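K.L.:
Top line first, the protein sequences correspond to chains A and B.
Heads up: the first sequence runs through residues 0 to 545, numbered per numbering that gives the first Met the number 0.
Heads up: the second sequence runs through residues 0 to 545, numbered per numbering that gives the first Met the number 0.
There are 2 protein chains.
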Amino acid sequence: MSLPSGDPSMVRGQELRVWSAYTQLLESLLQLEKAIKDRVDLLIQPQRPVSTEEQDTNLGRLMRRVTTLLQSGETSRPPAASPHTPRAVGAHAQDQLQHPPGPLRVTYVSSELSNRGNDIMTLLNFSFQDFMSFLGDKFHKDENPLGFINLGVCENKLCSDLVTKRLSQKDMDLIEDTLLQYPDRRGHPFLRKEVAWFLTHYCNSHAPLDPENVVVLNGSSAVFSALVTVLCDPGEAILTPTPFYGPFALTASLYTKVHLIPVHLDSEVSEENPRPFQLTVDKLEQALWDAQLKGKKVKGFLLINPQNPLGDVYSRDSLQEFLEFAKRNNLHMIVDERYLLSVFDESVTFHSVLSLRRLPDLSRTHVIWSTSKDFGIAGFRFGALYTHSKELAAAVGSLGFLHGLSGITQYKLSRLLQDREWINRVFLPTSHNRLQAAHKYTTICLQGLGIPFLKRGSGLSIWINLRKYLNPCTFDQELCLHRRFLDHKVILCPGKACMCSEPGWFCLVFAEKLPQLEQGLFRLQQALLEQEQELTERLVANTMRE
Amino acid sequence: MSLPSGDPSMVRGQELRVWSAYTQLLESLLQLEKAIKDRVDLLIQPQRPVSTEEQDTNLGRLMRRVTTLLQSGETSRPPAASPHTPRAVGAHAQDQLQHPPGPLRVTYVSSELSNRGNDIMTLLNFSFQDFMSFLGDKFHKDENPLGFINLGVCENKLCSDLVTKRLSQKDMDLIEDTLLQYPDRRGHPFLRKEVAWFLTHYCNSHAPLDPENVVVLNGSSAVFSALVTVLCDPGEAILTPTPFYGPFALTASLYTKVHLIPVHLDSEVSEENPRPFQLTVDKLEQALWDAQLKGKKVKGFLLINPQNPLGDVYSRDSLQEFLEFAKRNNLHMIVDERYLLSVFDESVTFHSVLSLRRLPDLSRTHVIWSTSKDFGIAGFRFGALYTHSKELAAAVGSLGFLHGLSGITQYKLSRLLQDREWINRVFLPTSHNRLQAAHKYTTICLQGLGIPFLKRGSGLSIWINLRKYLNPCTFDQELCLHRRFLDHKVILCPGKACMCSEPGWFCLVFAEKLPQLEQGLFRLQQALLEQEQELTERLVANTMRE
Chain A
0 MSLPSGDPSM VRGQELRVWS AYTQLLESLL QLEKAIKDRV DLLIQPQRPV STEEQDTNLG
60 RLMRRVTTLL QSGETSRPPA ASPHTPRAVG AHAQDQLQHP PGPLRVTYVS SELSNRGNDI
120 MTLLNFSFQD FMSFLGDKFH KDENPLGFIN LGVCENKLCS DLVTKRLSQK DMDLIEDTLL
180 QYPDRRGHPF LRKEVAWFLT HYCNSHAPLD PENVVVLNGS SAVFSALVTV LCDPGEAILT
240 PTPFYGPFAL TASLYTKVHL IPVHLDSEVS EENPRPFQLT VDKLEQALWD AQLKGKKVKG
300 FLLINPQNPL GDVYSRDSLQ EFLEFAKRNN LHMIVDERYL LSVFDESVTF HSVLSLRRLP
360 DLSRTHVIWS TSKDFGIAGF RFGALYTHSK ELAAAVGSLG FLHGLSGITQ YKLSRLLQDR
420 EWINRVFLPT SHNRLQAAHK YTTICLQGLG IPFLKRGSGL SIWINLRKYL NPCTFDQELC
480 LHRRFLDHKV ILCPGKACMC SEPGWFCLVF AEKLPQLEQG LFRLQQALLE QEQELTERLV
540 ANTMRE
Chain B
0 MSLPSGDPSM VRGQELRVWS AYTQLLESLL QLEKAIKDRV DLLIQPQRPV STEEQDTNLG
60 RLMRRVTTLL QSGETSRPPA ASPHTPRAVG AHAQDQLQHP PGPLRVTYVS SELSNRGNDI
120 MTLLNFSFQD FMSFLGDKFH KDENPLGFIN LGVCENKLCS DLVTKRLSQK DMDLIEDTLL
180 QYPDRRGHPF LRKEVAWFLT HYCNSHAPLD PENVVVLNGS SAVFSALVTV LCDPGEAILT
240 PTPFYGPFAL TASLYTKVHL IPVHLDSEVS EENPRPFQLT VDKLEQALWD AQLKGKKVKG
300 FLLINPQNPL GDVYSRDSLQ EFLEFAKRNN LHMIVDERYL LSVFDESVTF HSVLSLRRLP
360 DLSRTHVIWS TSKDFGIAGF RFGALYTHSK ELAAAVGSLG FLHGLSGITQ YKLSRLLQDR
420 EWINRVFLPT SHNRLQAAHK YTTICLQGLG IPFLKRGSGL SIWINLRKYL NPCTFDQELC
480 LHRRFLDHKV ILCPGKACMC SEPGWFCLVF AEKLPQLEQG LFRLQQALLE QEQELTERLV
540 ANTMRE
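1. Identify whether A/S220 lies in helix, strand or coil by the three-state DSSP scheme.
2. In this structure, how does DSSP classify B/N470 when only helix, strand and coil are distinguished?
3. Which residues bound the alpha helix (DSSP H) around A/Q443?
4. For B/H139, count neighbouring C-beta atoms within 10 Å of its own C-beta (all shown protein chains included) and say buried if the count is 16 or more, exposed if not.
5. Work out the CA separation of A/N117 and A/V162 for me, nearest whole Å.
6. Nearest CA to the CA of A/R455: which residue from A/L465, A/T535, A/L434, A/P471?
7. If I'm right that B/I490 touches B/L150 with Cβ under 8 Å, what's the distance once you round it to whole angstroms?
8. Leaving out five residues on either side along the sequence, give the residues of the same chain with a beta carbon under 6 Å from the beta carbon of A/Y313.
9. Could you tell me if A/V268 is buried or exposed, where buried requires 16 or more neighbouring beta carbons within 10 angstroms of its beta carbon?
10. Please work out which residues of its chain come closer than 7 Å, Cβ to Cβ, to A/E320, disregarding the five sequence neighbours upstream and downstream, and give them in chain order.
11. Within a Cβ cutoff of 7 Å, which residues of the same chain sit near B/S159, ignoring the five residues on either side of it in sequence?
12. If you check the beta carbons only, do A/S457 and A/F343 fall under 8 Å apart?
13. Would you say A/I376 reaches chain B, if we count a Cβ-Cβ gap shorter than 8 Å as a contact?
14. When the distance is taken between beta carbons, is B/P182 closer than 8 Å to B/L382?
15. In the DSSP assignment, find the alpha helix (DSSP H) that holds A/W196 and state where it starts and stops.
16. Could you tell me whether any Cβ in chain A is nearer than 8 Å to the Cβ of B/N547?
17. Considering just the uninterrupted stretch of the beta strand (DSSP E) at A/K298, what are its terminal residues?
18. Mark B/K546 as exposed unless 16 or more other C-beta atoms lie within 10 angstroms of its C-beta, in which case mark it buried.
19. Put B/G382 into one of helix, strand or coil per three-state DSSP.
20. By DSSP, does B/C479 sit in helix, in strand, or in coil?
21. Classify A/I43: buried if its beta carbon has 16 or more other beta carbons within 10 angstroms, exposed otherwise.
22. Using a threshold of 8 Å, state whether the C-beta atoms of A/L480 and A/Y468 are closer than that.
23. Would you mind telling me which residues of chain A sit closer than 9 Å to B/Q128, beta carbon to beta carbon, in chain order?
24. Grouping DSSP H, G and I as helix and E and B as strand, with all else coil, what is A/M332?
25. Decide yes or no for the touch test of the stretch 202-211 of chain A against the stretch 220-231 of chain A: beta carbon pairs closer than 8 Å, at least 3 of them.
26. What would DSSP say about B/I35, mapped onto helix, strand or coil?
27. Looking only at DSSP bridge pairs, what is B/T51 linked to?
28. Who are the neighbours of A/Y410 on chain B, taking C-beta pairs under 8 Å?
29. What separation, rounded to the nearest whole angstrom, lies between the Cα atoms of A/T535 and A/H431?
30. Assign B/L264 to one of three DSSP states: helix, strand, or coil.
31. Check for me: the beta strand (DSSP E) holding A/L507 runs from which residue to which?
32. Measure the C-alpha to C-alpha separation of B/F276 and A/A221 and round it to an integer number of angstroms.
33. Using a C-beta to C-beta distance shorter than 7 Å, which residues of chain B count as neighbours of A/P261?
34. Please state the DSSP three-state secondary structure of A/F554.
35. Which class does B/F321 belong to by DSSP, given the choice of helix, strand or coil?
36. For A/L520, which residues of its own chain have a beta-carbon under 6 Å away from its beta-carbon, when the five flanking residues on both sides are left out?
Next up, the structure:
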């Protein structure tokens, strides 16, 4: 991790802090050693007292202190040997998530908040700051033509007319006692039944799915959070290929203290990897092995299919291989299928894991789905889990009292999912047509600008390569380019936020209404022209200096 | 903690497990001692290597192992000395929450779930099992006259006709893009504005409250969970008087790993404590001091006002004293005011902390409110935080991406809160009248049965004393009586679930529609008669044996 160069007084202050941490660690370790000796003495003496509560409390306190000091990272380097490499507060959290370092990131430190409170502020504020800017200053063709255009958050805004019309129909409105009172924390039975039927049909399941194995919570992040909470203890890990959808990482790390171990995919193409960012079992095995060597306990494997932001849709054979890999390594297989109805290229076939006849490890295969992406109603805050394990459904459902959604929303969702006629004849054909058209418009524009991208047939975004606009090609420069986009009032999602290992990639959401998309792409072009111009000027200046 | 007497083979199995845990602990402690020695050697040698990552990982792993073993509780007793007092897995969690022990509680152990997953299953399943029975077999006068009547969950069901009518009006329905898309994670600005206005008015604030200091999440448990997450690190604690509303305890302990330190109030009346269960600053100071002596880091003080389940409404002077106590001890003051509009006795005046002109510690005073209790719409899953600290509002709001509620629900809530005409002229007068009538009906019935209770003028439940039906007067017997109620298809909330320190108290919800209330009280009476009869029979049998 590269570090910003600070002013000398700041560096000195940090050096002192490192010394103090060193002393504290030494002291705490010696105290802990003594406490352990005492505890062992107690254990091996023949007439042991019944209560050891006090000693255990002391031991626990000392261990927490040592852990905190070790985790602060400040004691891992000898202060005298490298006084100029201090580490910022909260840096451990940054490392885990591999978020960008440097000048554009503000570490939050408040004495009023807990350590995790400060980490939450640092990471979430960083992650959501663009979105907050957008909310405060949205583009509107007539009322706010200079407002932000957001092509960085994966939302399908192409069919809101259809959805609004359907949701406004009379059958959607029901207010009755059951909907107003405390519900089953796993979700109302009527909605779980509809979700089971819906997934049976659209995931092409060979047998009807069981509503008792469905859990409904407020959004897929909440589902993921609850799922990893009951599967993993703090410090344990989940494996996932990157680049991938960012918020899951925040959720996992900050609230549940579960680590995400990235399986870094890259754009290099070779004989074994004919496609850029190709996921293979070899890469999974290698990442798992590396993690285990570092002492990580990996409990699960998160696969996104159709993949976001790459747009890859995995073949039946690949899926089977990934499932075998999970089974071989005793990993829970979590498949995020939130884009299952957003495959708009007719030549591409999506296979749900629920469609496979022979699942290698039935009770450890779990699917996350929501209507946020496929129906463009992220504001409904709906997410569902389908798991083959009734035990896991019960455990995740237990957390529903913290992640429930309102009864009236559950009712509307059940009506929506029930209306197959409308979904099959009106919504899906229109949605796919519009996604195709917006995708085509965007890719033609990208081609015109000479921007390389992955051409896929699913999802709401395109994974584009802007490394030619970075000099040097670093994540710092990627963030600078991102900042330039913000200056031009257009938001894209930088690859680093998707934990991409190569700088220069961006996620561009195309499922946006035409006026916004047009204007957004125009602003992107303007920003890139400006960037190009600056790079040229810098090059000229450097050449002249030489 | 008393323990159930099991069959001999089970006891033997548990004994073996205790031996094995003993060996494991001893081994782990010795390994940890060695690891600490190595780490200290590294720290004090003059030429220290820069990276100590591997050693630290090992140290962390060993400490986690020791912690897990210590927390399992199995090693705190010498197995040989007391072979018949084994401790069940997950018992540490039971102790923390002071939940009932014994034969009616099933400890969940699954190798598929994490330790916290098992704890969650154990505690939440226990807490919600009555409610799940009720959901699966609800009383209905005509369709299911033998179904459960639930007088154990605090819900106001008396005004659902009014609320249903209001929510069904035309102005409630709006479907538009903003409501369908990702919202501000702190809640939509239009709703935060209404909440600020609403609380300004009904909490009698001398200055208008700021919508930027409001955070809207999906339920007050979610608000509490998010709040303690950003205020406390795992292992830190919040002080709260008990008996108190149970689910907060589950939330705090299971998801956020924050401990609740009870300030046990009791029914004894003396010169200094003229009221049973009276809260005083002395008791708070004592509990805080005890907790600190045990090495607990207490970060906050949770006060419920109007109190649930006691029904106490604190005077302005008492509030001021509690606030001074919090200030003096650097504690965040969290006031749960969810029953603020449920004060139905006209002689009782509620004072919100937001009404006080001089708050001792402005930025550390936080209020939780929701519409679940006052409006009887728990199914809306709405909870709000008002804090004087913008920083805290931002931090709690950050977790809104896991605890958001749907846009359409937010819209309906904003319309509801806006309609002062309806609230003041229709809803509140009717609600208070009906609460009064139901309270009167219930207390007359209790008097008829000779059951002592606290007579208060707020809330939805009555705190009743059934200790005369327990012999011996223990928590095990309290649970047996509770089970007898279930046999009679009526649910009450036992005092132990509210962390009451005296066995025999129950919380009886009276805000129920008349047919259910009538039938519920009849069943209660039947169950108590049966209990009385059994006690008499047992007494006779014992006398004859002597």
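Built from N, CA and C at the ideal position, the CB exists for glycine as well.
This one's a predicted model, so the numbers in the text were calculated from it and none came from an experiment.
P.N.:
On the basis of the data shown:
1. Sequence index remark: in the first sequence, residue 220 of chain A carries index 221 (1-based). It is helical.
2. Along the second sequence, one-based indexing puts residue 470 of chain B at 471. The answer is coil: DSSP assigns B/N470 none of H, G, I, E or B.
3. Counting from one through the first sequence, the residue named residue 443 of chain A turns up at place 444. Correcting the residue type first, residue 443 of chain A is Ile in the shown sequence and not Gln. Counting along the chain, the alpha helix (DSSP H) containing A/I443 begins and ends at 427-448.
4. Against the second sequence, residue 139 of chain B aligns to sequence position 140. Its Cβ having fewer than 16 others within 10 Å, B/H139 is exposed.
5. Mapped onto the first sequence, residue 162 of chain A falls at position 163. Mapped onto the first sequence, residue 117 of chain A falls at position 118. Taken atom to atom, the span from the alpha-carbon of A/V162 to that of A/N117 is near 39 Å.
6. For the purposes of this step, residue 455 of chain A is identified with residue 456 of the first sequence, where counting begins at 1. Distances from the CA of A/R455 to each of A/L465, A/T535, A/L434, A/P471 were compared; the closest alpha carbon is that of A/L434.
7. On the second sequence, residue 490 of chain B is found 491 positions in, with the first residue counted as 1. On the second sequence, residue 150 of chain B is found 151 positions in, with the first residue counted as 1. Confirmed, Cβ separation roughly 6 Å.
8. Here residue 313 of chain A is taken as the residue at index 314 of the first sequence, counted from 1. Taken in chain order, the residues that qualify are N304.
9. As a first step, residue 268 of chain A must be located in the first sequence, where it is residue number 269. So A/V268 counts as exposed.
10. Locating residue 320 of chain A in the first sequence gives position 321, where the first residue counts as 1. Cβ within range, chain order: V280.
11. As a working note, residue 159 of chain B is residue 160 in the second sequence. So the qualifying residues of the chain are G375.
12. The sequence position of residue 457 of chain A within the first sequence is 458, counting from 1. The sequence position of residue 343 of chain A within the first sequence is 344, counting from 1. Result yes, Cβ atoms of A/S457 and A/F343 sit closer than 8 Å.
13. Mapped onto the first sequence, residue 376 of chain A falls at position 377. Taking Cβ atoms only, chain B reaches closer than 8 Å to A/I376, which makes this a yes.
14. Locating residue 382 of chain B in the second sequence gives position 383, counting from the first residue. Locating residue 182 of chain B in the second sequence gives position 183, counting from the first residue. Per the sequence shown, residue 382 of chain B should be read as Gly rather than Leu. Not in contact: B/G382 and B/P182 (Cβ atoms no closer than 8 Å).
15. The residue labelled residue 196 of chain A in the question sits at position 197 within the first sequence. Residue range 188-201 is occupied by the alpha helix (DSSP H) that includes A/W196.
16. Since the first and last residues shown for chain B are 0 and 545, residue 547 of chain B lies out of range.
17. Looking up residue 298 of chain A in the first sequence gives position 299. Secondary structure note for A/K298: its beta strand (DSSP E) is the uninterrupted segment 297-303.
18. Residue 546 of chain B falls outside the range modelled here, since chain B spans only 0 to 545, and no answer is possible.
19. By 1-based counting over the second sequence, the position of residue 382 of chain B is 383. Three-state DSSP puts B/G382 in a strand.
20. To locate residue 479 of chain B, count along the second sequence from 1; it is residue 480. Per DSSP, reduced to three states, the secondary structure at B/C479 is helical.
21. For the purposes of this step, residue 43 of chain A is taken as the residue at position 44 of the first sequence. It counts as exposed.
22. If you number the first sequence from 1, residue 480 of chain A lands on position 481. If you number the first sequence from 1, residue 468 of chain A lands on position 469. Contact flag set, yes.
23. The count along the second sequence starts at 1 and reaches residue 128 of chain B at position 129. Contact note: B/Q128 does not reach chain A at a C-beta cutoff of 9 Å; the least C-beta distance is about 11 Å.
24. As a first step, residue 332 of chain A must be located in the first sequence, where it is residue number 333. Note: A/M332 maps to strand in three-state DSSP.
25. The stretch 202-211 of chain A vs the stretch 220-231 of chain A: no contact.
26. Numbered from 1 along the second sequence, position 36 holds the residue referred to as residue 35 of chain B. The answer is helix: DSSP assigns B/I35 an H, G or I state.
27. Numbered from its first residue, the second sequence carries residue 51 of chain B at position 52. Note: B/T51 sits in no beta bridge, so no partner.
28. Counting from 1 along the first sequence, the entry for residue 410 of chain A is found at position 411. Near A/Y410 there are no residues of chain B at all, since even the closest Cβ is about 10 Å away, more than 8 Å.
29. Here residue 535 of chain A corresponds to residue number 536 of the first sequence, with the count starting at 1. Here residue 431 of chain A corresponds to residue number 432 of the first sequence, with the count starting at 1. Rounded to the nearest angstrom, the two C-alpha atoms are 41 Å apart.
30. Stepping through the second sequence from its first residue, residue 264 of chain B is reached at position 265. In the structure shown, B/L264 falls within a coil segment according to DSSP collapsed to helix, strand and coil.
31. Along the first sequence, one-based indexing puts residue 507 of chain A at 508. Segment 504-508, the beta strand (DSSP E) holding A/L507.
32. Along the second sequence, read from residue 1 onward, the residue named residue 276 of chain B stands at position 277. Along the first sequence, read from residue 1 onward, the residue named residue 221 of chain A stands at position 222. Taking C-alpha positions only, B/F276 is separated from A/A221 by approximately 38 Å.
33. As a position in the first sequence, residue 261 of chain A is number 262, starting the count at 1. Correct list: empty, because the minimum Cβ distance to chain B is about 18 Å.
34. Coverage of chain A is limited to positions 0 through 545, which leaves residue 554 of chain A absent and any answer about it impossible.
35. What you label residue 321 of chain B is simply residue 322 of the second sequence in a count that begins at 1. It is helical.
36. For the purposes of this step, residue 520 of chain A is identified with residue 521 of the first sequence, where counting begins at 1. Around A/L520: C444.
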